[in-house]
Amino acid sequence: MISAGGTGGGVYPALAVAGALRRLYSDLTLTFVGARGDMARDLVQRANVTFDGYHEVLAGPLHGISRRGQIASAVKIALGVVQSLILAIRLRPQVLFLTGGWVGFPMAAACWLLRRPIVIYVPDIEPGLTLKLLGRYFAHTIAATVPETAAFFPGKRVVTTGYPLRPEILSASRDEGIQALGLDPARKTLLVFGGSRGSRSINTAMAQVAQMAGQLGDGRQVVDGDLADAASAPAPVEEDGGQVKLLQAGDGALAEEEGEGAGRGHEQMNPLPRNGVPK
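Residues in the sequence shown are numbered from 7 upward in steps of one, following the working numbering.
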């Protein structure tokens, strides 16, 4: 059983791990549990991974919101734990793999009560508040991108795994990226992106950036590499007779770009070192 959500930074690693498990164990039963109304549903439906079931339970954040919102979230979490208990008793998972934060708390609490082993993945060096709680008191094993994360979980089993990447990114090549985006390989290319929650304002600003870069006349290509918020991206722009291109990119851009300016977004940032892209 896999539970993830909240942002793309929680869902994409879960999908990468699910895909790897599916390739390794053909007879494995994989179920996904998200929070009701969360963005995870759309990402799971679009993923190249087949799940045997998709379920949703109630959950809500407790940090960074108003007192009224915290009360509402506490009620949702309590109901979500009951829903998760019923779901876990019915499905009887052998292991719960959890990424993200508050979205997976009800399922983690249920599996802990039923004495099911819990493995969590921490993408950041320092985990967020919920992952710290889950890692210290609920998890059997903690997977981490870097070894420095172990300092936040004293006495726990922490395994450094690196960041799980999807096959689409692992197989992407520079030539395929150039062809897919219609770029000129002789010109320098700049990739700019934001995280799944912070991408809207960056996408809006990129139209103005492209116009300013076009006035420089140095032949650079600017690519908006947001992967999660397609609706917020500006329309494709070409300035100064094709001197600047601003368009929405996909996985191929992560292999093609020569230089990159990053806001947030684990799924966008972590493939870049593998492909030798300077930040």
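All C-beta atoms in this analysis are idealised placements derived from N, C-alpha and C, irrespective of residue type, glycine included.
Give me the Cα-Cα distance between residue i and residue j, rounded to the nearest whole angstrom.
i    : j    : result
P123 : F103 : 9 Å
V128 : G40  : 17 Å
T155 : D48  : 30 Å
S9   : T195 : 37 Å
H69  : R180 : 41 Å
G188 : E174 : 19 Å
A145 : L197 : 37 Å
L137 : R193 : 43 Å
L27  : M7   : 11 Å
G75  : A186 : 44 Å
L176 : G183 : 13 Å
S79  : F158 : 26 Å
R73  : A116 : 25 Å
R121 : L139 : 17 Å
P191 : S207 : 29 Å
Give the DSSP-derived three-state secondary structure of residue i in the structure shown.
i    : result
S177 : coil
I95  : helix
A145 : coil
R28  : helix
E132 : coil
A150 : strand
G183 : helix
V55  : coil
P240 : Residue confidence for P240 is low, a pLDDT of 45 falling below 50, so the modelled location carries little weight and cannot support an answer.
Y18  : helix
S9   : strand
V346 : Not covered by the structure: residue 346. The range shown for the chain is 7 to 285.
G267 : Note that G267 scores a pLDDT of 43, beneath 50, so its modelled location is shaky and nothing firm can be said.
I83  : helix
T37  : strand
T166 : strand
V101 : coil
I71  : coil
Answer yes or no: does any C-beta atom of chain B fall closer than 8 Å to that of residue i?
i    : result
L189 : The structure shown has no chain B; it contains just one protein chain.
Buried or exposed, going by whether 16 or more other CB atoms sit within 10 Å of the CB of residue i?
i    : result
P153 : exposed
A165 : Contrary to the premise, residue 165 reads as Val rather than Ala in this sequence. V165 comes out exposed.
I77  : exposed
Y169 : buried
V55  : buried
T151 : buried
Q89  : buried
L6   : Residue coverage of the chain in this structure runs from 7 to 285, which leaves residue 6 outside it and unanswerable.
P133 : buried
V50  : buried
D33  : exposed
Y18  : buried
Just to confirm before moving on: does the CB-CB distance between residue i and residue j stay below 8 Å?
i    : j    : result
G12  : V109 : yes
G106 : G16  : yes
I288 : G141 : Lying outside 7 to 285, the shown extent of the chain, residue 288 is not represented and no answer is given.
A53  : L21  : yes
G59  : T37  : yes
D25  : R172 : The residue you asked about is not Asp; residue 25 is Gly in the sequence shown. Going by C-beta atoms, G25 is nearer than 8 Å to R172.
Sort the options by Cα distance to residue i and report the nearest one.
i    : options                 : result
P99  : S79, I148, S32 and W118 : W118
V101 : L137, T35 and L68       : T35
E62  : A46, I71, R74 and A80   : A46
P112 : L97, V125 and L85       : L85
K82  : R121, P67 and D33       : P67
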